[in-house]
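Number of protein chains: 2
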Amino acid sequence: MILALSGGVGGAKLAQGLAFECAVGDLLIVVNTGDDFNYLGFHVSPDLDTVMYCLAGINDATRGWGIKDETWNFMAAAERLGTPTWFKIGDHDLATHVERTRRLAAGETLSEVTRFLCGRLGVRHRVAPMSDGQVGTIVHTSSGALDFQDYFVRLRCEPPVTGIEYRGVPAAAPAPEFATALWRDDLAAIVMTPSNPLLSIGPIIGLPNVSERIKEHSAPVIAVSPLVGGQAIKGPAAKIFRELGLDPTALGIARHYHGLIDGMVIDEIDSGLVDAIERLGIPTHVANTVMRNREDQQLLARHVLKFAMSLRKPRNA
Amino acid sequence: MILALSGGVGGAKLAQGLAFECAVGDLLIVVNTGDDFNYLGFHVSPDLDTVMYCLAGINDATRGWGIKDETWNFMAAAERLGTPTWFKIGDHDLATHVERTRRLAAGETLSEVTRFLCGRLGVRHRVAPMSDGQVGTIVHTSSGALDFQDYFVRLRCEPPVTGIEYRGVPAAAPAPEFATALWRDDLAAIVMTPSNPLLSIGPIIGLPNVSERIKEHSAPVIAVSPLVGGQAIKGPAAKIFRELGLDPTALGIARHYHGLIDGMVIDEIDSGLVDAIERLGIPTHVANTVMRNREDQQLLARHVLKFAMSLRKPRNA
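Here the protein sequences come in this chain order: A and B.
With this note's numbering, you'll find the first sequence wraps up at 354, consecutive numbering, no jumps.
With this note's numbering, you'll find the second sequence wraps up at 354, consecutive numbering, no jumps.
Structure follows, in structure tokens:
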């Protein structure tokens, strides 16, 4: 079985690629919930939604979030009423937030709600939140401490970041499916998808015992660099790396994950960094990591899986 | 000042007619909240919405509820997720429920929220809920006790009614604007609009001290019959009257309001009932009460106001 850790867009694309390559029971996608927030009374899980919509084939690939062929009539009416509208919710997307909120209020866990929503949307591979607990990423900036969505959407990642705090994470239990997967002996690979290492993967591996368990697991752990040519495909990863004094390149990503991973996949454009990364003791594989279409997603997934197989530690060695 | 008591469609139409005829400060429309309910986590106030949308000129006159040129994309997506969809909420209408729920959760009263929403929708005349308290009409039927919307929308008023209970009403305080209006000496008229006497006006006058105060008030109290030719224009009034052994005619309405009102307005088609109603000691005025358009609404409002003037008790008599 493959365990993939994912945030939003980039992670969701590779998750979809892996889904094309893996049988339904052979893949678990564990998704960051550090970005979850209460908006207009709804429990919104942006990364879970992006992954679900992507796997359901109803995502808006151009915008990178939400549902394709979306309409915005609720938002227009909300605007008229003076309701905050800085976080855009389409009419179809809204149904997800209403149903999730309704089920959580009725006592279901986020894992249960996610399983239910996936079922209704026709997502066959397993998707689980990283935790059913109350967590929330806080971005410390020169303008003060900000809730993640405040920083990310409302302020468009503009305030320089001075630190990132995974509030609630050290005390939150990994969700049951995630914990079960981490303690399985037969994992074929653990994949850090090309999501933001600090904002998306950080909360997941910040959960109690998770990074320790990943380190000691016999399965090869592969990270796909979200930085390509010193840039993020989407999102503020490079900007935040620079603001925190980190190297905003695939090498910087390798240093960040050092000690946790057994291999790195980097983009062709960064092939000049292979030697430097391998000098850290991290085997490195070069592939096209910029996923423009389904074929790119599937090809990258194949690269990741083959590379993982090549790194498998011999059993009972 | 005119005080109008209103439920949904019929009441809203006359309320709009009165708004055409009255200066902004000279009309208060007090609306039934016995139909309010929690739906998908939202506080829905069907009668307040109908009155607000009507006065804002954005109501769907054909359907009789909701907003004109409405779209249903949220509902379609909700249906896909298995969310209950028996109560139809359009994409624009939904913004009202979200904002109301959000403000109530933040501690505002329903009166405050209603004032706010009216302001944003451009409603200039005053609209107030009958109470800021927790109330809920229960319809006792041969199939058991039903929440109002369950009976009214989900079961389409089919189960025969055996009784109606205004739960919470005897302990709920009239909303501040309503109470203030009832204790004003200078009311020019109190108008029972042609809404269902049992389901819409009943909860309002069932609030503590309200019917006593209406009885003793010096202002003429006028009821407009919602039954025309033994039929309700819309809704189950005639059916329920029959099921409860009441006479489903304008005369039955007069008997129902007997002791509370100083005059009745009935439809031209019912002019044969004038003598019988007047024999109850209720002066009766005949007019066209079927409001098909703005002109009808305005004409009926004029009839009501003129009739009320004619019934004014002499001051210091």
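For every residue, glycine included, the Cβ atom is placed at its ideal position computed from N, Cα and C.
These numbers were taken from a predicted model, which means no experiment stands behind them.
Three-state class that DSSP yields for residue i in the structure shown
| i | result |
| --- | --- |
| glycine 54 of chain B | helix |
| alanine 208 of chain B | helix |
| serine 255 of chain A | coil |
| alanine 354 of chain A | Confidence is the limiting factor: at alanine 354 of chain A the pLDDT is only 44, short of 50, which leaves the residue's position unreliable, though a coordinate-based value still follows. Residue state, collapsed to three classes: coil. |
| histidine 80 of chain A | strand |
| isoleucine 303 of chain A | strand |
| glutamine 171 of chain A | coil |
| glutamate 270 of chain A | Note on identity: in this sequence residue 270 of chain A is isoleucine, with glutamate being the wrong assignment. Three-state DSSP puts isoleucine 270 of chain A in coil, outside helix and strand. |
| proline 213 of chain A | helix |
| arginine 163 of chain B | strand |
| alanine 345 of chain B | helix |
| isoleucine 290 of chain A | helix |
| threonine 151 of chain B | helix |
| glutamate 202 of chain B | strand |
| glycine 181 of chain A | strand |
| phenylalanine 74 of chain B | strand |
| serine 248 of chain A | helix |
| threonine 321 of chain B | strand |
7 Å Cβ cutoff, residue i in contact with chain A
| i | result |
| --- | --- |
| phenylalanine 111 of chain B | yes |
| valine 135 of chain B | yes |
| glycine 119 of chain B | yes |
| threonine 122 of chain B | no |
| alanine 355 of chain B | Outside the shown range of chain B (38 to 354) lies residue 355 of chain B, about which nothing can therefore be said. |
| arginine 157 of chain B | yes |
Residue closest to residue i, alpha-carbon to alpha-carbon, out of the options
| i | options | result |
| --- | --- | --- |
| glycine 318 of chain A | A:Ser179, A:Ile298 and A:Gln335 | A:Ile298 |
| valine 172 of chain B | B:Val160, B:Thr178, B:Arg163 and B:Phe185 | B:Phe185 |
| glutamate 202 of chain A | A:Tyr188, A:Ile126, A:Asp333 and A:Phe344 | A:Tyr188 |
| serine 82 of chain B | B:Leu348, B:Phe344 and B:Gly71 | B:Gly71 |
| tryptophan 102 of chain A | A:Arg137, A:Arg140 and A:Lys50 | A:Lys50 |
| histidine 177 of chain A | A:Asp169, A:Pro197 and A:Leu158 | A:Pro197 |
| aspartate 73 of chain B | B:Ser262, B:Ala260, B:Pro320 and B:Gly205 | B:Gly205 |
| alanine 190 of chain B | B:Ala256, B:Tyr294 and B:Trp123 | Looking at the sequence provided, one finds valine at residue 190 of chain B rather than alanine. Among B:Ala256, B:Tyr294 and B:Trp123, the Cα nearest to that of valine 190 of chain B belongs to B:Trp123. |
| glutamine 334 of chain A | A:Pro231, A:Asp307 and A:Leu244 | A:Pro231 |
| leucine 92 of chain B | B:Ala56, B:Leu192 and B:Glu332 | B:Ala56 |
| serine 179 of chain A | A:Glu195, A:Gly170, A:Ala165 and A:Val164 | A:Glu195 |
| phenylalanine 422 of chain A | A:Gly170, A:Ser168 and A:Thr133 | Residue 422 of chain A cannot be examined here, being either before or after the span of chain A that is shown, 38 to 354. |
| glutamate 116 of chain B | A:Ile277, A:Leu131, A:Ile227 and A:Glu116 | A:Leu131 |
| asparagine 75 of chain B | B:Arg161, B:Val311 and B:Ile126 | B:Ile126 |
| glutamate 305 of chain B | B:Asp128, B:Ala338, B:Val327 and B:Val228 | B:Val327 |
| valine 68 of chain A | A:Tyr90, A:Arg331, A:Lys105 and A:Val61 | A:Tyr90 |
| methionine 38 of chain B | B:Arg316, B:Ile277, B:Trp220 and B:Arg292 | B:Trp220 |
| alanine 226 of chain B | B:Ile66, B:Val311, B:Gln53 and B:Arg161 | B:Ile66 |
| alanine 182 of chain A | A:Arg193, A:Thr199 and A:Ser168 | A:Thr199 |
| valine 341 of chain B | B:Arg329, B:Ala324, B:Leu281 and B:Gly45 | B:Ala324 |
Residue i: contacting residues in chain B (beta-carbon distance under 7 Å)
| i | result |
| --- | --- |
| glutamate 332 of chain A | Ordered by position in chain B, no residue passes the 7 Å Cβ test against glutamate 332 of chain A, which lies about 28 Å from the chain. |
| aspartate 284 of chain A | In chain order: nothing, as chain B lies at least about 43 Å away. |
| leucine 131 of chain A | Phe111 |
CB contact check: residue i to chain B, cutoff 7 Å
| i | result |
| --- | --- |
| aspartate 184 of chain A | no |
| arginine 139 of chain A | yes |
| alanine 354 of chain A | Residue confidence for alanine 354 of chain A is low, a pLDDT of 44 falling below 50, so the modelled location carries little weight; the figure read from the coordinates is stated next. It does not: the Cβ of alanine 354 of chain A has no partner Cβ on chain B nearer than 7 Å. |
| threonine 108 of chain A | yes |
| aspartate 223 of chain A | no |
| aspartate 128 of chain A | yes |
| histidine 340 of chain A | no |
Chain A residues whose Cβ lies nearer than 7 Å to that of residue i
| i | result |
| --- | --- |
| threonine 230 of chain B | Chain A residues near threonine 230 of chain B: none, gap ~26 Å exceeds 7 Å. |
Per-residue contacts from residue i into chain B (C-beta, under 9 Å)
| i | result |
| --- | --- |
| leucine 235 of chain A | Per Cβ cutoff of 9 Å: no residues; leucine 235 of chain A is ~32 Å from chain B at best. |
Neighbour list for residue i in chain B, Cβ cutoff strictly below 8 Å
| i | result |
| --- | --- |
| alanine 367 of chain A | Past the boundaries of the shown model lies residue 367 of chain A; chain A is included only from 38 to 354, so the question cannot be answered. |
Interface partners of residue i on chain A, CB under 8 Å
| i | result |
| --- | --- |
| aspartate 97 of chain B | Per Cβ cutoff of 8 Å: no residues; aspartate 97 of chain B is ~14 Å from chain A at best. |
Residue i: CB within 6 Å of a non-hydrogen atom of the ligand NAP
| i | result |
| --- | --- |
| glycine 272 of chain B | Of ligands this structure carries none, so the ligand NAP is not represented either. |
### Message
Please identify, using Cβ separations under 8 Å, the residues of the region 73-87 of chain B that lie next to chain A, in order along the chain.
### Response
Of all residues in the region 73-87 of chain B, Leu77 and Gly78 have a Cβ within less than 8 Å of some Cβ in chain A.
#### Entry: Against chain B: residues of the region 142-155 of chain A by CB proximity under 9 Å
Ala142, Phe153 and Leu154
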